[in-house]
Amino acid sequence: MSEPKRLGPARRVAGDLVVPGDKSVSHRAVLFGALAEGTSRVRGALDGDDNRRTLAATAAMGARHRRDGDALVIEGVGLGGLRAPEGPLDMGNSGTTTRLLLGVLAGQSFEATLFGDPSLSRRPMRRVTEPLRQMGADIRGAEDANFLPLEVRGGSLHGIRYDLPVASAQVHGALVLAGLRAEGETIVTLPGPARDHTDRMLRAMGAAIETDAGLRRTVVRRTERLRPLDFDVPGDLSSAAFFLVAALLVPDSEVVLRGVGVNPTRTGLLGVLRTMGARIEEVNLAVRSGEPVADLIVRMEPLMGVDVGGEVIPRLIDEIPILAVAATQAEGTTTIRDAGELRVKESDRI
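Numbering (this note's numbering), first residue to last: 362 to 711.
Next up, the structure:
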């Protein structure tokens, strides 16, 4: 057993940091690179367990990967070039891998089985499997294909119109990926804005995708070919959030966070903290491979309690726990509503 460590209060938080690559974007870069025709180069991809599940699954179906310096090189096989895996695909604890892969497998000409760890096996999947079945996929599993393990028999798909009951980027992404292989139009409507990494990246690769200005309606048409990626993954805002909040709460603090993704569908935390009184500067703004990035500068500021809910929740769903920490140090009461999705993450985050 390792020696216990004694932690005391910080007198000051200061530093100039580069946070790891964005987890959501890394998943998509690996998966979409495998579906492209040609060689993709992805720099800064997150090397976490969930992202390794996406790498392993695509490798099991024929895509090849290798490291070249700071780049992950992916030899894509094309939208219809995946092959049947030799055995079941282990999703570990990755809900993103599972749901996006369901959309890909729905349009393939082979069978595959997905399974996961006990935590992932308790997470609901019917919100994905039901619309994919409407498109023509044959998906079987416990409680009417609501839980892993799931058997997917891909085949010919047809486009549908589907209104998502919850603004979920994972479910939206699965339907978009299936729509690339479907005949006719697939139209997906969201009740509010959700992360748009899937749409941004696939459009940059040549996919026939249109999204309205409010990010509520996506139209997908069958696409025969995706161009390979040459892509820099932005820094993960969810990881940056912990350093950001620490700097806000500790006197005499200043932290600079370099190259952080500031996609508007992900920056709900920044907006809420500013409403609470935080001064967070965004400098050196740029767009890299379709994703906006910036350096964030944050200094200690007194915070006030706020009410949080409605359409901003999907834009900060993963940052609500650290927002709650900030709220404990704010003057007054902070109320967070409409965050029920936290109950069905990899753990009950509430």
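Even for Gly, the Cβ is constructed at its ideal location relative to N, Cα and C.
Please report the straight-line C-alpha distance between residue i and residue j, rounded to a whole angstrom.
{"i": "I435", "j": "A688", "result": "43 Å"}
{"i": "L499", "j": "A467", "result": "Note that residue 499 corresponds to Asp in the displayed sequence, not to Leu. D499 and A467: Cα-Cα distance of roughly 8 Å."}
{"i": "G516", "j": "A639", "result": "51 Å"}
{"i": "L631", "j": "I683", "result": "12 Å"}
{"i": "G382", "j": "V648", "result": "15 Å"}
{"i": "D533", "j": "G405", "result": "Note that residue 533 corresponds to His in the displayed sequence, not to Asp. Between H533 and G405, the C-alpha separation is close to 25 Å."}
{"i": "I357", "j": "E504", "result": "Residue coverage of the chain in this structure runs from 362 to 711, which leaves residue 357 outside it and unanswerable."}
{"i": "I641", "j": "V659", "result": "5 Å"}
{"i": "G693", "j": "V611", "result": "18 Å"}
{"i": "E546", "j": "A432", "result": "35 Å"}
{"i": "S529", "j": "T457", "result": "11 Å"}
{"i": "E544", "j": "G629", "result": "36 Å"}
{"i": "M452", "j": "D613", "result": "44 Å"}
{"i": "R340", "j": "G567", "result": "With the chain covering only 362 through 711, there is no way to say anything about residue 340."}
{"i": "L378", "j": "V616", "result": "8 Å"}
{"i": "T550", "j": "G399", "result": "32 Å"}
{"i": "S599", "j": "L440", "result": "31 Å"}
{"i": "E421", "j": "E472", "result": "Sequence inspection shows Ala at residue 421; the Glu mentioned does not correspond to that position. Their backbone Cα atoms lie some 13 Å apart in a straight line."}
{"i": "G620", "j": "E643", "result": "10 Å"}
{"i": "R373", "j": "P552", "result": "42 Å"}
{"i": "T636", "j": "V669", "result": "10 Å"}
{"i": "T695", "j": "V686", "result": "11 Å"}
{"i": "T780", "j": "G464", "result": "One cannot answer for residue 780 here, as it falls past the ends of the chain, which runs 362 to 711."}
{"i": "I697", "j": "P625", "result": "20 Å"}
{"i": "M486", "j": "R414", "result": "18 Å"}
DSSP three-state call for residue i: helix, strand or coil?
{"i": "L538", "result": "helix"}
{"i": "R504", "result": "Sequence inspection shows Glu at residue 504; the Arg mentioned does not correspond to that position. Correct three-state label for E504: helix."}
{"i": "R471", "result": "It should be pointed out that residue 471 corresponds to Phe in this sequence rather than to Arg. If DSSP states are grouped into helix, strand and coil, F471 belongs with coil."}
{"i": "S455", "result": "coil"}
{"i": "T490", "result": "helix"}
{"i": "S363", "result": "coil"}
{"i": "A601", "result": "helix"}
{"i": "G464", "result": "helix"}
{"i": "E585", "result": "coil"}
{"i": "G620", "result": "strand"}
{"i": "E323", "result": "Outside the shown range of the chain (362 to 711) lies residue 323, about which nothing can therefore be said."}
{"i": "V669", "result": "strand"}
{"i": "L609", "result": "helix"}
{"i": "D699", "result": "coil"}
{"i": "D591", "result": "strand"}
{"i": "D679", "result": "helix"}
{"i": "A685", "result": "helix"}
{"i": "L368", "result": "coil"}
Go ahead and label residue i buried or exposed: buried means 16 or more other beta carbons lie within 10 angstroms of its beta carbon, across all protein chains shown.
{"i": "A602", "result": "buried"}
{"i": "P595", "result": "buried"}
{"i": "P589", "result": "buried"}
{"i": "K366", "result": "exposed"}
{"i": "T572", "result": "buried"}
{"i": "N645", "result": "exposed"}
{"i": "A607", "result": "buried"}
{"i": "A418", "result": "buried"}
{"i": "G448", "result": "exposed"}
{"i": "L443", "result": "buried"}
{"i": "A555", "result": "buried"}
{"i": "A574", "result": "exposed"}
{"i": "A371", "result": "exposed"}
{"i": "A539", "result": "buried"}
{"i": "E364", "result": "exposed"}
{"i": "A375", "result": "exposed"}
{"i": "Q690", "result": "exposed"}
Nearest by alpha-carbon distance to residue i: which of the options is it?
{"i": "R586", "options": "R444, V580 and L396", "result": "L396"}
{"i": "V513", "options": "G439, T547, L462 and G369", "result": "L462"}
{"i": "V527", "options": "E672, P370 and E652", "result": "E672"}
{"i": "F508", "options": "T490, M661 and A543", "result": "T490"}
{"i": "R488", "options": "E472, F476 and L525", "result": "L525"}
{"i": "D593", "options": "T696, Y523 and K384", "result": "K384"}
{"i": "L563", "options": "G394, L368 and P510", "result": "G394"}
{"i": "P510", "options": "V537, G477 and R494", "result": "G477"}
{"i": "L475", "options": "S455, L493, M665 and P492", "result": "S455"}
{"i": "A535", "options": "G369, L392, D699 and I697", "result": "L392"}
{"i": "R389", "options": "A445, I570, R561 and M486", "result": "R561"}
{"i": "R402", "options": "R414, H426 and D411", "result": "H426"}
{"i": "V580", "options": "D597, L605, D591 and V537", "result": "V537"}
{"i": "V633", "options": "V667, E662 and L618", "result": "V667"}
*Run through the region 630-656 for me and flag every whole beta strand (DSSP E) of 3 or more residues, listed as ranges in chain order.*
641-649
*Ignoring anything shorter than 4 residues or poking outside the region 505-579, list the alpha helix (DSSP H) runs there in chain order.*
530-540 and 558-565
*Please go through the region 382-450 and give each complete alpha helix (DSSP H) segment of 4 or more residues, from N-terminal end onward.*
384-396 and 410-421
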